[in-house]
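Trainee: Protein chains in written order, with this note's numbering: chain L, 23 to 360; chain W, 23 to 360.
Backbone N, C-alpha and C define an ideal beta-carbon position, used for all residues, glycine too.
These numbers were taken from a predicted model, which means no experiment stands behind them.
Below you'll find the structure I mean.
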DNA sequence: CCGGTTTATGAAAACGTTTTCTAAACTAAA
DNA sequence: TTTAGTTTAGAAAACGTTTTCATAAACCGG
């Protein structure tokens, strides 16, 4: 049943395959009203569907892009993906989604598979490794954009949060509300995780700018699962922080779990702020003041940028787009006099 | 650069394309160690990557499946998708993701595009419409499975929550904890939304079984955004419910927002239970008792089932897999004596 | 009625594989 | 040495399009 081909249409319409092809590609220029009608009818009658694969082989273009993400379950991912899908939909493109699970090996395998599949471009939330995989791609001007993270040593159009600003926003907001003992809560620092490093650096710089010292004890850098434990230890020690800056939603969960297990009151005893707007922010008590990422705009931009690369083959120097974080003022922070 | 083809490899290795093809498909049977080595080396030397498109054209199989979801942002979707991706990854398949946005027209367009793209199978979270689109597919035995919802009038392998059981679980749990005035919170009822209807029916039946009457006032069927408002109205009336059963996470959000705006205490004045485990369930105060869907198993099953369809062309009668909900007992419900 | 334009169509060669069938080369037996 | 069988490898025809080029038909002014 699935076997009706262009040749069949041609036969039925009494024209050649070439003519049918013309018709399909809307090259009506030199085609009589008559034939056009006959073809249309033949197509209708046979329920003909062009075989996209065959066309792709000829045209070397697939109207498909690949997206590789390092964490499919993360909300940021979901939202950016949503925007990507939407933009592609507008252009008649399809999206193949791959989950590297933060494993550079998988990531590598996927980019190769996607290239073999002749995708027209790639949007990657990179693990941060695999420099040698991406380098040839940029050399070759293969359409590629990074989102959220970068790969040190590879220059590619990238769509990132302005992490410095986000961190600064956090400490400024806290400081201007009278908090002076601010701790940062962050997963373990690894050099290739650019946003993490940037947020940390941004924090440190903002603190210094404000004249605060960053006590080693106030850098809670531990894997999220261990966070409640670690925080408990920290709060057993003297000079308790009076504000916590959680670097992302996972860290926030750790913080919230910790808070729940103690009798610390928020915001009376402890202010909380974090990066990533979470869906329950205004349902939680107190409502959580967060620093949101403009996920939708980021996904849109990433896709748009990919398409400029796809369309104009010659490419200028890669650009890094930094998106401004958005402060969502709620009630987990309170004016407090020193 | 991207132009190295099998012919090039053949030339360099001094063999014919056929032989290279054999090699690539691991048909080593009648191939000397010698040639095998030469080919391997030629491939290595040229950095040859087979063109999957060309192969697909010949083999009429693309190692790609399409997934159409009606809501990309929903957590259920994300999690099921994650499992699907993982299962496909194991089998060397790719997944194209499309968001119908709960618009039957888009959904229809997408299934046609995906078919034209020659995907080997389709997993759909259907809007519930488009019977006429799916019917021919099942006739033709095209690999297809539905997830979460169904399409009335089309019999297809489906992976669904056991919605009756979920609803029953909710009322049983509530009832056995002494709650007797249970209200259901649910988006507007529409016939083609199968899970919604089933949950509602399940609720009604379970209530009757328990000897409770379902007061019309205790069916809060309104779009989630209007929920806080509507609940406020309901609680202004007499015979307030002492327990709320939210049919899904969106309804839950409405409930929680409502609770936050009033001084009703949970669980003292009001018990809450809902379907869909939410990430903040044990961070919220009180911790939320929920009825979780086994999303991962569902995604896995859907994919497995799709692959049995793909592999064995002849297909027995479609099966509906009902997954048992999982009660997550927490503290938003309390023993209470009448 | 005749060359020269237009206008409309078709033949055939790609695209890069897989696959079938045939042939060459080698081996062992006669 | 021939013969028959066994390995090994290649030629060529697909797969379903697009695209280039040639040419046929129709038109048209002189």
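Under the three-state reduction of DSSP, which class applies to residue 232 of chain L: helix, strand or coil?
Mentor: Correct three-state label for residue 232 of chain L: coil.
Trainee: Buried or exposed: where does residue 218 of chain W fall if 16 or more other Cβ atoms within 10 Å of its Cβ makes it buried?
Mentor: By the 10 Å Cβ count, residue 218 of chain W comes out buried.
Trainee: Taking C-beta pairs closer than 9 Å, name the residues in chain L that residue 307 of chain W reaches, listed in chain order.
Mentor: The answer, in chain order, is 282, 306, 307.
Trainee: Counting only C-beta atoms, is residue 117 of chain L closer than 9 Å to chain W at any point?
Mentor: So, interface residue.
Trainee: Do residue 214 of chain L and residue 158 of chain L have their C-beta atoms closer together than 9 Å?
Mentor: The answer is no: Cβ separation not under 9 Å.
Trainee: If you pair each beta-carbon of the segment 122-141 of chain W with each one of the segment 119-127 of chain L, do three or more pairs fall below 8 Å?
Mentor: Flag = no, the segment 122-141 of chain W and the segment 119-127 of chain L do not touch.
Trainee: Using a C-beta to C-beta distance shorter than 9 Å, which residues of chain L count as neighbours of residue 353 of chain W?
Mentor: The contacting residues do not exist; residue 353 of chain W stays about 11 Å from chain L at best.
Trainee: Exposed or buried, which one is residue 260 of chain L when buried takes at least 16 other CB atoms within 10 Å?
Mentor: Exposed, since its Cβ has fewer than 16 Cβ neighbours within 10 Å.
Trainee: Taking one C-beta from the segment 234-251 of chain W and one from the segment 300-317 of chain W each time, how about it: are there three or more such pairs within less than 8 Å?
Mentor: Taking 8 Å as the limit for Cβ pairs, the verdict is that the segment 300-317 of chain W does not touch the segment 234-251 of chain W.
Trainee: Unbroken alpha helix (DSSP H) runs of length 4 or more, entirely within the segment 69-157 of chain L: which are they?
Mentor: Counting whole runs of 4 or more residues, the segment 69-157 of chain L contains the alpha helix (DSSP H) stretches 74-81, 97-112, 126-138.
Trainee: For residue 354 of chain L, count neighbouring C-beta atoms within 10 Å of its own C-beta (all shown protein chains included) and say buried if the count is 16 or more, exposed if not.
Mentor: Under this definition residue 354 of chain L is a buried residue.
Trainee: Considering just the uninterrupted stretch of the alpha helix (DSSP H) at residue 319 of chain L, what are its terminal residues?
Mentor: Note, residue 319 of chain L: alpha helix (DSSP H), 317-333.
Trainee: Give the single residue among L/109, L/296, L/88 whose Cα lies nearest to the Cα of residue 350 of chain L.
Mentor: Measuring from the Cα of residue 350 of chain L, the nearest candidate turns out to be L/296.
Trainee: Is there a Cβ from chain W that is less than 9 Å from the Cβ of residue 74 of chain L?
Mentor: So yes, residue 74 of chain L belongs to the interface.
Trainee: Identify the continuous alpha helix (DSSP H) that holds residue 164 of chain L and give its terminal residues.
Mentor: Counting along the chain, residue 164 of chain L falls outside any alpha helix (DSSP H), and DSSP gives it neither H nor E.
Trainee: May I ask you to report which of helix, strand or coil DSSP gives residue 262 of chain W?
Mentor: Of the three classes helix, strand and coil, the one that applies to residue 262 of chain W here is coil, per DSSP.
Trainee: Quick one: what does DSSP say residue 343 of chain L is sitting in, helix, strand or coil?
Mentor: Strand at residue 343 of chain L.
Trainee: Would you check if there are 3 or more beta carbon pairs closer than 8 Å linking the segment 263-272 of chain W to the segment 319-338 of chain W?
Mentor: No, the segment 263-272 of chain W does not touch the segment 319-338 of chain W.
Trainee: In this structure, how does DSSP classify residue 350 of chain L when only helix, strand and coil are distinguished?
Mentor: The answer is strand: DSSP assigns residue 350 of chain L an E or B state.
Trainee: Can the beta-carbon of residue 212 of chain W be found closer than 9 Å to that of residue 225 of chain W?
Mentor: No.
Trainee: So residue 207 of chain L and residue 269 of chain L are supposed to be a Cβ contact under 8 Å. How far apart are they, rounded?
Mentor: With 8 Å as the limit, residue 207 of chain L and residue 269 of chain L qualify as a contact, their Cβ atoms being about 6 Å apart.
Trainee: Suppose contacts are defined by Cβ-Cβ distances below 9 Å. Is residue 144 of chain L in contact with residue 167 of chain L by that definition?
Mentor: Against a cut-off of 9 Å, the Cβ pair of residue 167 of chain L and residue 144 of chain L comes out as a contact.
Trainee: Rounded to whole angstroms, what's the CA-CA distance from residue 203 of chain L to residue 172 of chain L? Just pull it up for me.
Mentor: Each residue's Cα considered, the two are about 32 Å apart.
Trainee: When you compare only the Cα positions, how much space is there between residue 293 of chain L and residue 104 of chain W?
Mentor: In a straight line, the C-alpha of residue 293 of chain L is about 35 Å away from that of residue 104 of chain W.
Trainee: Any idea if residue 222 of chain L is buried or exposed, counting beta-carbon neighbours within 10 angstroms, 16 or more meaning buried?
Mentor: Residue 222 of chain L comes out buried.
Trainee: Under the three-state reduction of DSSP, which class applies to residue 288 of chain W: helix, strand or coil?
Mentor: Coil.
Trainee: Taking all protein chains shown into account, do 16 or more other C-beta atoms lie within 10 angstroms of the C-beta of residue 80 of chain L, making it buried, or fewer, making it exposed?
Mentor: It is exposed - the Cβ of residue 80 of chain L has fewer than 16 other Cβ atoms within 10 Å.
Trainee: Taking only beta carbons into account, state which residues of the segment 259-285 of chain W come closer than 7 Å to chain L, listed in chain order.
Mentor: Hits within the stretch, in order: 275, 278, 279, 282.
Trainee: Classify residue 211 of chain W as helix, strand or coil using the three-state DSSP reduction.
Mentor: Coil at residue 211 of chain W, not helix or strand.
Trainee: Which residues, in order along the segment 295-325 of chain W, keep a beta-carbon less than 9 Å from a beta-carbon of chain L?
Mentor: Flagged, chain order: 300, 301, 302, 304, 305, 306, 307, 309.
Trainee: Check each candidate in L/99, L/347, L/189, L/356 and name the one with the smallest Cα separation from residue 229 of chain L.
Mentor: The shortest Cα separation from residue 229 of chain L among L/99, L/347, L/189, L/356 belongs to L/189.
Trainee: Is the beta carbon of residue 232 of chain L closer than 9 Å to that of residue 285 of chain L?
Mentor: It is not a contact, given that the beta carbons lie outside the stated cut-off.
Trainee: If we require 4 or more residues per run, which alpha helix (DSSP H) segments fall completely within the segment 174-198 of chain W?
Mentor: Entirely contained in the segment 174-198 of chain W, the alpha helix (DSSP H) runs reaching 4 residues are, in chain order, 185-198.
Trainee: In chain W, which residues lie with their C-beta within 8 Å of the C-beta of residue 100 of chain L?
Mentor: By Cβ distance, chain W contributes 94, 95, 100.
Trainee: Mark residue 63 of chain L as exposed unless 16 or more other C-beta atoms lie within 10 angstroms of its C-beta, in which case mark it buried.
Mentor: Classification of residue 63 of chain L: exposed, given that the 10 Å Cβ count is below 16.
Trainee: Taking only beta carbons into account, state which residues of the segment 171-200 of chain W come closer than 9 Å to chain L, listed in chain order.
Mentor: Cβ contacts with chain L: none found.
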